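Student:
Residue numbers (my numbering): 43 to 598.
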């Protein structure tokens, strides 16, 4: 038979010793409790559609489509695995062996597996059984141990599984895991033998965690330090890859009665290797967790960068940073495109509310008839199409910041409800008479003169005063042209990152051309010009000619 055509199949191993052959053909064979499966297993712990075997291009894979109790491949929990001859797959209480050269009949529509005492126990909780031969047993222990080490299990579950595997592989009666302070955190034992009752005294725990590498310690050596400890021998390994760091990390203790076969040098070497791998896993997880926390902290404390080093920009940055430390409403004043939203996000990200949501709404972009619904939401049945409750922006921003862009565009009739929300934190959804209390900090922005609008009675005076305890002016780009080079380069770098393109830089004449432009659209206009330059550039250098062309012609 050629390797190109193995005639793959499964052998179903049943408790009564019967072995049924199931040929695999190109495509998918499903196994589960539902009658529509090609192989039906009526074990109550098996899901309706529990596993999928697929033969494709002379390769067999097994997948878990989301079964409740999972599948085991050679005793290890897997969601997907490439299979080889003699691999065993556990599905509930059923076991299937992968073979080649199968020409057997199509399987019967239903396979009944005798229920065992642990039929309802999840596959993931069933005890591991390793081979009886010493060499095979150690190899199997190493395989299973490495599988747990490479898994994404939570630390407690991982420690429990790994300890069980090591105890079984070393033929110990008990395996214990102590933290760096010498406290016993996990213990697994041979259920037939029961617990040893050994829990290391502080002196011995301190001695054990300071071993330079895995070591065998007999009960006779330490019998004077703790009662009943002489009845056992011990194999100790520390979760530390650097001998100079010993004493600062957790350690594992394997316990075996003196009457049993002694621990061997192979046991010691194998435990040392597993401890080093365990240490690498732990430190990697800690490093990733620390980096994630630092990344979150950086995002929370810095937020969007207010780019520019001019005196004008520095003055505005200091005002925004000071506003961030308060709980007052802030109004940002500036021309269209000057960066009011970036400044608002900067204030939020540097405020005590940084971990809360940052919710935006552009009041100029919402029709007046829909503004109330957008801000405050509605309850089911409030109007014809209100089929369910809907949260408004105020409720979505609870615990965080609500950014009201172009706040001067709000309809006059809605401003009284807005004032109540700002003063008392109470909102009312459309169709509801029950007030809802929200905790929201408001940052408003406008390119209009709210004081003049207030004097003209087109904006409520009381709302104007409520919005403006703190005011920060966002300068137009023409007032700080010395920042244009830095801001423009940041847009080019952003383009490079977004589109994975080569890096761009501005030559001196291009910078000069940018600084001479009046920028009626401010920073927003500069961003669009830089994008057009990046798309139209023939090389890595943005020239003055290209800048002038894209200032006049918006096409790439």
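Quick reminder that beta carbons are idealized off the backbone N, C-alpha and C, glycines included. Values in this document were obtained by computation on a predicted structure and should not be read as measured data.
When the Cα of residue 127 is compared with those of 456, 52 and 428, which residue comes out closest?
Tutor: When each option's Cα is compared against that of residue 127, the closest is 52.
Student: Sorted by chain position, which residues of the same chain lie with C-beta nearer than 7 Å to residue 479's C-beta, five sequence neighbours on each side aside?
Tutor: 467 and 468
Student: Using DSSP bridges, identify the partner residues of residue 432.
Tutor: 420
Student: Cβ atoms of residue 256 and residue 279: under 7 Å apart, would you say?
Tutor: Contact flag set, yes.
Student: Suppose you measure from the CA of residue 351 to the CA of residue 430; what does that come to, to the nearest Å?
Tutor: 50 Å
Student: From the DSSP output, which residues share a beta bridge with residue 276?
Tutor: Note: residue 276 sits in a beta bridge opposite 259 and 297.
Student: Going by DSSP, which residues form a beta bridge with residue 50?
Tutor: 142
Student: How many Å lie between residue 298 and residue 140 at the Cα?
Tutor: 37 Å
Student: Could you say which of 386, 432, 436 and 566 lies nearest to residue 473 if we only look at CA atoms?
Tutor: 432
Student: Below 8 Å on the Cβ atoms is my contact criterion, and I expect residue 292 with residue 221 to pass it. Report the Cβ-Cβ distance as a whole number of Å.
Tutor: Confirmed, about 5 Å.
Student: Is the segment 475-494 touching the segment 438-451, taking contact as three or more C-beta pairs under 8 Å?
Tutor: yes
Student: Identify, in the order they occur along the chain, each residue of the same chain with its Cβ nearer than 7 Å to the Cβ of residue 575, setting aside the five sequence neighbours on each side.
Tutor: 584, 588, 589 and 592
Student: Figure out for me which residue from 562, 577, 563 and 557 has the closest Cα to the Cα of residue 540.
Tutor: 577
Student: Taking 6 Å as the limit between beta carbons, can you name the residues of its chain near residue 160, skipping five residues before and five after?
Tutor: With a pLDDT of 40 at residue 160, under the threshold of 50, the modelled position of that residue is not reliable, and no figure is offered here.
Student: Please state whether the Cβ-Cβ distance between residue 201 and residue 208 is less than 7 Å.
Tutor: Remark: C-beta atoms of residue 201 and residue 208 do not approach each other more closely than 7 Å.
Student: Am I right that residue 75 and residue 81 are in contact with their C-beta atoms under 8 Å? What's the rounded C-beta distance?
Tutor: With 8 Å as the limit, residue 75 and residue 81 do not qualify as a contact, their Cβ atoms being about 11 Å apart.
Student: On the DSSP letters alone, give me the boundaries of the beta strand (DSSP E) that residue 98 sits inside.
Tutor: Taken as a continuous stretch (DSSP letters only), the beta strand (DSSP E) holding residue 98 covers 93-98.
Student: Taking the straight line between their C-alpha atoms, what separation do you get for residue 321 and residue 349?
Tutor: 43 Å
Student: Going by the CB atoms, is the gap between residue 111 and residue 130 shorter than 7 Å?
Tutor: Going by C-beta atoms, residue 130 is not nearer than 7 Å to residue 111.
Student: Is residue 414 near the ligand COA, judged by its Cβ being under 6 Å from some heavy atom?
Tutor: This structure lacks the ligand COA, and indeed carries no ligand of any kind.
Student: Which residue's Cα is closest to the Cα of residue 509: 488, 525, 519 and 498?
Tutor: Among 488, 525, 519 and 498, the Cα nearest to that of residue 509 is on 488.
Student: Taking 8 Å as the threshold, find out whether the segment 557-570 comes into contact with the segment 379-398 through three or more Cβ pairs.
Tutor: yes
Student: Within the segment 223-250, note down every full beta strand (DSSP E) run reaching 3 residues or more, in order along the chain.
Tutor: 226-231
Student: With distances taken between CB atoms, is the gap from residue 370 to residue 492 smaller than 7 Å?
Tutor: For residue 370 and residue 492, no; Cβs fall outside 7 Å.
Student: Using a Cβ-Cβ cut-off of 7 Å (strictly less than) and excluding sequence neighbours within five positions of residue 66, which residues of its own chain qualify?
Tutor: 50, 51, 52, 95, 97 and 102
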